[in-house]
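Going by the UniProt record's numbering, the sequence shown opens with residue 1, and the numbers climb by one from there. We put the CB at the ideal spot given by N, CA and C, even for glycine.
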Amino acid sequence: MQKAVAEAEECKFKKIALEEKVLRLEGDLTAKEVMCSKVSELKNELRQLRRSNSQFLWKIKSLQFEKEDCLKHLSSKGKDENMQKISQLEAELQEIRDRYLNMSQKYAEVEDQREQLVSAESTGDDDLDEQIGMEKLEILLPELSLKEEGNFNRNVAILGRRLPKMRVTVVGEVIKLLSMKLSFMAA
1 MQKAVAEAEE CKFKKIALEE KVLRLEGDLT AKEVMCSKVS ELKNELRQLR
51 RSNSQFLWKI KSLQFEKEDC LKHLSSKGKD ENMQKISQLE AELQEIRDRY
101 LNMSQKYAEV EDQREQLVSA ESTGDDDLDE QIGMEKLEIL LPELSLKEEG
151 NFNRNVAILG RRLPKMRVTV VGEVIKLLSM KLSFMAA
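Right, here's the structure in full:
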């Protein structure tokens, strides 16, 4: 009987140990279930983050393409504007060159006439002097502003300074020409 009591006690200890083991395994199982639910939640969150990440990458790429297109458009527009500016500046440069050429030609003509006038004065040729004065006057008249009658005296003074060696008859002709031009412009 002692043997049976010892076996019964041994079975009782085994039963208690097994119950403890079952409780421990149930706790582990519950913990694993909680962990599995957390893992599945984390997997879902990871999937959503990956999806969002791929959407953001797609947006970044599309914005980069849009940026490149805008830069190309701006550079082509800038090139067009630069080409227009260049052509405008070239036209202005050509106009300035033409004006410089015309001024140089006028200067050469006036200088030539001045030399003729100086040589004519030294020889005393009055007819040549008047002719040169009239030619010089014809060159200078377009430069004068004869739009208003109030400018008449100023224009005569300008002519007097520019043609200091003209004879009185030539200055009289100048005044007649200016008067005719003023009356023509007033009409």
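Per-residue DSSP class, three states only, for residue i
{"i": "Met1", "result": "coil"}
Buried versus exposed call for residue i [16 or more other C-beta atoms within 10 Å across all chains shown]
{"i": "residue 218", "result": "The requested residue 218 does not occur in the structure, where the chain is confined to residues 1 to 187."}
{"i": "Leu117", "result": "buried"}
Neighbourhood of residue i by C-beta distance below 8 Å, restricted to the same chain and skipping five residues each side
{"i": "Leu25", "result": "none"}
Own chain residues within Cβ distance below 6 Å of residue i, not counting five before or after
{"i": "Val34", "result": "none"}
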